[in-house]
Amino acid sequence: MLVFILRRLYQTLIVVLGVVVLISFLLAIIPGDVARMRAPKGSSEEVLENIRKKFYLDKPFLTRLGIYIKNILKLDLGESFTYKRSVWSIIRESLPWSVKLALVAEVIIVIFGILAGVISAVSRYSFWDVLVTISTSVLVAMPIYWIGRLMQLFFAQWLGWFPNSGAPPPGSGFWSGLSYYVMPATALAAISTAYVARLARSSMLEVMRQDYIQTARAKGLSNRRVTYKHALRNGLIPVVTYLGIDFGVLIGAAVLTEMIFNWPGVGHKLYFAVIQRDHTMVLGLVFVLVIIVVFINLLVDISYAFLDPRIRLGESPEVT
Amino acid sequence: MSDHRDPEDLVPGKEPDLGMEIEEFELALEKQRVHGRTALWADVWYRLRHNKMAMVGLVIIVVLVLVAIFAPWLAPQDPLYSPLYDQNATPQEKAESVKQPPSRRHWLGTDDLGRDILSRLIYGSRVSVEVGIVAVLISLVIGLFFGALAGYFGGWGDSVIMRSADIFFAFPTVLGAIAIMTVLGPGLINVFIAIGVLGWATIARIFRGSILSVKENEYVEAARAMGAGNARIIWKHIMPNSIQPIIVYATMGVGGAILAEAWLAFLGLGQQLPTPSWGNMLAQYLPFYTTDPWMMFIPGTAIVVSVLAFILLGDGLRDALDPRLKGSV
Amino acid sequence: MTNGKDTLLEVRNLRTWFHTQEGVVRAVDGVSFAIARGEALAVVGESGCGKTVTALSVMNLVPSPPGRIEEGEIVFEGRNLLEMNDREMRQVRGNNIGMIFQDPMTSLNPVFTIGSQIREAIQVHLGLNRREAKRRAVELLEMVEIPQAERRYKMYPHEFSGGMRQRAMIAMALSCEPKLLIADEPSTALDVTIQAQIMELIARLRQEIGLAVMLITHDLGVVAGVAETVLVMYAGKVVEYADIDRVYYNSRHPYAWSLMRSVPRLDEKKDRLLTIGGSPPSLINLPPGCSFSPRCPFAEEICFQEEPPLVEAESGHLSACHFAGDFEKHGQGVKS
Amino acid sequence: MRRGKTALILAVFLALAVGLAMIYAGCGEKKEEEGKGGKKEGGVFKYCLVSDPVSLDPAQLQESQGIEVGKQIFDGLMDNDPKTMELVPAMAESYEVNDDATVFTFKLKKGVKFHNGRECTAEDFVYSWNRVCNPDTASEVSYHMSPIKGYEEVTGGTAKTLEGVKAIDDYTLEVTLSYPYADFVYHTAHPVFSPIPKEVVEEYGSENFSEHPVGTGPFVFKEWVHEQQITVDKNPDYYGDKPYLDGVVFKVYQDEETAYQDFKAGALDDAQIPQGQFKAAENEYGERAIFKAMLGIYYYGFNMNTAPWKDSKELRQAFNWAVDRQTLCDVVMEGQRIPATGIVPPGIPGYQANAMEYKYDPDKAKELLEKAGFPGGQGLPQLTLGYNTGVGHDTIAQFIQGNLKDLGVNFNIEGYEWGTYLDLIQGEQVTFFRLGWLADYPIMDNFLYPLFYSGNAGVDNMSQYKNEEVDKLLLEARSTIDEKERIELYREAERKILEDAPIMPLMFYKTSRVYSDKVGGYMRTPDDLTPLEMVYFKE
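What follows is the structure, given as structure tokens:
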């Protein structure tokens, strides 16, 4: 088990460094002179010069990358151009919101996704199965910001059940705070819930065809026990794998959800940082995001070993 | 219940006699496969035809492609024309032209600049079809190449490619597209590249997986034992049999690309105005969702229906191509 | 074949069809037989002749859709299983009738330990608590000759060999002391030496606990050492039903007769084995008359028009052939 | 089972259609009745802020959100009257100017306290202004102080303190300019001139002052949760008329649309009305939807250093004649913009209604195109109009594109993000562009000098417009004491610039703000701000 975790950590390190190199390369070739953008209007050339020096922009790409990686290891992510504050302080403010939203979304995905998938697999060709297939397909096909706007229209302005947008203001209680999470988390979860439902359905159908299910039935076990004990445990394995990968996308892809619901998370900040060439901000945020994503993948792989004893022998499951 | 259309047992019991020359052996295999393959494809089409949902998807796709091709002849008006900037339109006409609800003259009404929405919708289909096909082609080319490399040769090449695929997985695609679009600048060609480049990781991973599973089969060993070169083995033996999951993913990928253009359009990075695309139309009509809600439903439904069509076809293909699901339609 | 001893299981005119896209597959089309307490019946036939579907029908495990039991009765200890509701049937499955399957590699749930899977049936049917059920399970493992049963109890299926897994399956099937064990091709997926061990195990268990066995196989050699009576099936119907010696040495039906001659025998010197040409007919559009007629060397005109009824060629020896008595003298015969 | 599925698809689409019908019916909330006049003390006003301010440090107050909050926390020597924009004394009791407009002496009111209780003296002004010009502060708005003597030396780093700013005594501040500039006193109403307490800056460090701003304004800063909200409380011992409200919560939004919907759902007491919904807002809220003329101009600019703009005045004039400004304002902008008649908008002393003769006259435009050597648009190189995305400029761009297309002149339009966009214009990579200019202070100079004085080329003068005659006129006007003469000089300069046509003036801005019926005393100034000390909740 330990070897398994060490090997995963080793792979994690490569992925993180790879992403940092990829992003800094991408930022280096984005056109536009960053220094002039940051300098006060009409400042002289030498003012531009010392700004470039301050953010190492004058150095060739490789040395700049070297400096940056050295700083990362010292956990000093430098200062953001646009917000004129340290990247860490910005991340400390907004990352918790993204993670909380992603977690609430994750709960929705797990509960509704798996439930819908399993029930529609069990009662194949029934009304419920067709309803789930149709609704998951439509959900997957809708642009997320459209889902968000329609929800705001129906539930916030017209029915008034939930606040139209924004994160719970400081000092709001648990339940009143939760009401702020409902719509953004549902919008964020919509597409992944649909995928999980489809995945759960096809994997459950696959498992129901296996011989050991016939053995379980032959043992005289009730349908419920056969489905929810024997079949479900095996059917969930591919779903857990997907959830691992999907969690990272959830945080990053929240860009549009955060804009629509005015959620103070990292998604839209990363978007603005990219288009405003805020190098340190982009690198800092992506570095932290990738760490979280890869950490989640590690958790998923470990949980994998509990779900599927065949994995405990140390080789990590290849996702086909 | 043996279904005698099953390709494996078409040549019952007759094991390839290893003594033959490689060409002869392949001829025998080819005969079986060609007979098998045409039978396989016939069988796939047979099963697909019986899947009603997949057929609905296929019909919608055919209609979409036809509309895209014949857009100039189908569109009732010039999508860019508006009385607003027509010098000989009366001020009265100009004032009334904006955001008209559906009428006889404008079946789907006019947008916030007085242009005919139906014509813009029809021309918009061109962008969606182009984005879908070109982006998926780019993903396929990159994905298949690296997938084959990783799957077939394995070793350190495999881990390098797979780790870089992990990087692309870890990095949210939305932001990847934005970063690439910011580097390349706005414009449809760059949208193709952005969406296409980001799709390779999944295809590489799927193709590598199916190559690994096919690689173990005896007939590949047999072919290698006969002295066939790697390229020949990949092309003649592995490719045809591991292509099924790719076809399914590519079909769904086209839908995904259409959706991606809509995402980028919301951020102002999709097809540049005034040329219409469903993405930039939805993004433009969205703010009127309380005053003129019907406007956003037009491009929105078009996107949903076309993406849905590719998903349904993809599902149908997955069931039709899956050998284990024989007979249970 | 009940000869005076009380009947354990009697199947009368069982019809199980599958409604598929291409048409109705008559997998089991009017099958009748009976098994007495402690008796071992072998059901023999080529793949696709309906022997597995018969077994599944007894256990009421036929997947529907597309399968459905159209007609017939399955009387077990005097009660018709088909009239039972799902809850009653569950009391029978695994408790009174145990079943083992062909491929041990996939018949055990990979994510649960062997012990928990065996214990489950005991707890459900015999209502023992966890500790007692565990003790009982370990006993069973020892009964099926699995070494270090205590340690193996906690291990997972992928840590067992093929033979070991089949033994575990048998232990599971016998966990509630069933009266009948249905074994659907128990040894086909195993290599020859293990096959023999499994068959000996089944034979030994029959003696020790007076177990009735319904052995389904396409391998005639396996049948010899275990079964007392043989039911030969072809294209969903019974073509011959008699004691094992009669079918082996004095078969009254061309199909079983050819089968016997296509098996290499140690006690006879033969330079060339007999092969049956063609392949089993499609169960959707069966040929008219006797389904075996296209492949039967002794077929006459009538064989192609009328379906032969199952008649008693001799006492206690049924055969579905127009010339059940002396088919060798008909048709072109066989140049031996 | 097959029929079941198709029936179900129909059911789903039916549900969609029903949903659509519900939206139709559900539109527009019920009419509220008008409250009567009683002014209630207290209550917390929820203010709509369409993006988080970059900073609350006076030295960094540049974008409108920063100023909207900064104005409530900081006061300066002078202020603008909310209705007429005339200059009114704030912390200064009075001021005198010497005869050649180079020395301004301000008399301060006594007993004006900072929020931390300490009295504000002339010395605080000296400290604050020097801090703004200090290069370490890297202020982006220090150029407002450029006329002050010693500004170049301090910003260049060669001097420590501004020569032209001296505290004669605790309540007298003397400001000396490096050149005569009568309108300088208008500059002192800009928040960058607000005094801040030295001890607070030292306590938190200069770059962290933004997180703990302390000033002399009507409201005291309480808390800033970034990207969420800024809270301020009533300043009990404010020297001016005390606010009615207990406090204000500035709620931060990234998207105008979402903020407007929050207002409709009652989560905000005021909001910005998004473009495209002006008419609907007017019908629904009547006079509570404030569409007042603003001191701002929306224009398209040509880069005068690059072809084809640099060598053909007729071409630039043709573009001006080709645009139908009336339809743009009445239809596209739903009547909430004023067609531009020149560069300086109405409401600024010296505004001239007939500054330019350009009207919508396609024939005249065609004629000029031929004279320019591009008959019917042939021979023109590939042109591209740039704009910044996200706030409706694309709709206007497509309208103008249509106008020009009518004459055979085709050009592409390309959207960029704001930061990139500015950089591409300054880098002269985008040569035909859209820009807006809001007045810092209500004087003609604030429109003509920054945008068209050759010295500002590449800073605010994005067209890189260089014309000696205009430069001479502007400098002469700046140093003319007599207001009438000064205005005449500015007017002549404006006419000359417009004749040269380095830009295409399109529209003058209007405010588009709506406030809740529970509130009274709410108004919007011509520079798009709301004096919150005058706002109160009705009974």
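In order, the protein sequence lines correspond to chains A, B, C and D.
The first sequence begins at 1 in our numbering and counts up by one.
The second sequence begins at 321 in our numbering and counts up by one.
The third sequence begins at 650 in our numbering and counts up by one.
The fourth sequence begins at 986 in our numbering and counts up by one.
For each residue, glycine too, the CB sits at the ideal point set by N, CA and C.
A quick note: this is a predicted structure, and the numbers were derived from the prediction, not measured.
With 7 angstroms as the C-beta to C-beta threshold (strictly closer), list the residues of the segment 763-785 of chain C near chain A in chain order. Glu-769, Ala-770, Val-773, His-774
One or two residues paired with D/Trp-1209 in a DSSP bridge: D/Trp-1209 is bridged to D/Ile-1215.
Between A/Lys-100 and chain C, is any beta-carbon pair separated by less than 7 angstroms? no
Where does D/Ser-1297 sit, in a helix, a strand or coil, going by DSSP? coil
Would you list the one or two residues that DSSP bridges to D/Pro-1490? Paired residue(s): D/Tyr-1284.
Where do the N-terminal and C-terminal ends of the beta strand (DSSP E) with C/Ala-685 fall, by residue? 672-685
Within 10 Å of its beta-carbon, does D/Glu-1402 have 16 or more other beta-carbons around it, so buried, or fewer, so exposed? buried
Counting C-beta neighbours from all protein chains within 10 Å, is the total for A/Leu-6 16 or more, i.e. buried, or is it exposed? exposed
Could you tell me which of B/Asn-600, B/Ser-439, B/Asp-432, B/Arg-528 sits nearest to B/Leu-469, measuring between CA atoms? B/Arg-528
Less than 8 angstroms between the CB atoms is what I'm expecting for A/Gly-220 and B/Ile-487, so what's the real figure, rounded? Contact doesn't hold; Cβ gap of about 51 angstroms is too wide.
Could you name the residues that DSSP lists as bridge partners for C/Trp-666? C/Arg-717
Applying the criterion that 16 or more other CB atoms from any shown protein chain within 10 Å of the CB defines a buried residue, is A/Tyr-212 buried or exposed? buried
Which of helix, strand or coil DSSP assigns to D/Trp-1422: strand
Could you check which residue in C/Leu-922, C/His-902, C/Glu-889 has the C-alpha nearest to that of C/Ser-911? C/Leu-922
Does A/Ile-144 have its Cβ less than 7 angstroms from a Cβ in chain F? Structure shown: chain F not included; protein chains present are A, B, C and D.
Please decide whether A/Ala-218 counts as near chain C, where near means a Cβ-Cβ distance under 7 angstroms. It does; some Cβ of chain C falls within 7 angstroms.
Does the CB of D/Lys-1503 have a neighbour CB from chain A at under 7 angstroms? no
Assign A/Ser-303 to one of two classes, buried (16 or more other C-beta atoms within 10 Å of its C-beta) or exposed (fewer than that). Of the other Cβ atoms in all chains shown, fewer than 16 fall within 10 Å of the Cβ of A/Ser-303; this residue is therefore exposed.
According to the Cβ coordinates, are D/Ala-1174 and D/Asp-1309 closer than 7 angstroms? no
Consider the Cβ of A/Val-110: report whether some Cβ of chain B lies at a distance smaller than 7 angstroms. Interface with chain B (7 angstroms Cβ-Cβ cutoff): A/Val-110 is excluded.
The segment 165-189 of chain A: positions lying closer than 9 angstroms to chain D by Cβ: Ser-165, Gly-166, Ala-167, Pro-169, Pro-170
Distance cutoff 7 angstroms, beta carbons only. Does D/Tyr-1238 sit that close to anything in chain A? yes
When you compare the CB positions of C/Phe-976 and C/Pro-903, do they come within less than 7 angstroms of one another, or not? yes
Using a Cβ cut-off of 8 angstroms, pull out every chain C residue sitting near A/Gln-210, in sequence order please. Thr-755
Can you tell me which of the three DSSP states C/Ser-968 falls into? strand
Starting from the Cα of C/Thr-665, find the closest Cα among C/Val-702, C/Gly-687, C/Gly-672 and give me that residue. C/Val-702
Rounded C-alpha distance that separates D/Gln-1383 from B/Arg-440: Linking D/Gln-1383 to B/Arg-440 through their CA atoms gives a straight-line distance of about 14 angstroms.
Would DSSP call C/Arg-661 helix, strand or coil? strand
Compare the C-alpha of D/Glu-1196 against each of D/Asp-1037, D/Thr-1369, D/Gln-1302 and name the closest. D/Asp-1037
Apply the 10 Å Cβ neighbour rule to B/Ile-437 and answer buried if 16 or more other Cβ atoms are within range, or exposed otherwise. buried
Helix, strand or coil at B/Val-418 [DSSP, three-state]: Of the three classes helix, strand and coil, the one that applies to B/Val-418 here is coil, per DSSP.
Please report the straight-line C-alpha distance between A/Leu-13 and B/Gly-496, rounded to a whole angstrom. C-alpha separation (whole angstroms): 20 angstroms.
How would you label D/Val-1376, buried or exposed, when you count the other beta carbons within 10 angstroms and need 16 or more for buried? exposed
Taking the CB atoms as reference points, tell me whether D/Ala-1486 and D/Arg-1301 lie closer together than 7 angstroms. Judged by beta-carbon spacing, D/Arg-1301 lies within the 7 angstroms limit of D/Ala-1486, meaning their Cβ atoms are closer than that value.
For the alpha helix (DSSP H) that contains C/Glu-889, what are its first and last residues? Note, C/Glu-889: premise wrong, no alpha helix (DSSP H); beta strand (DSSP E) at 886-892.
CA nearest to the CA of A/Arg-225, picked from A/Thr-241, A/Pro-238, A/Met-208, A/Ser-165: A/Met-208
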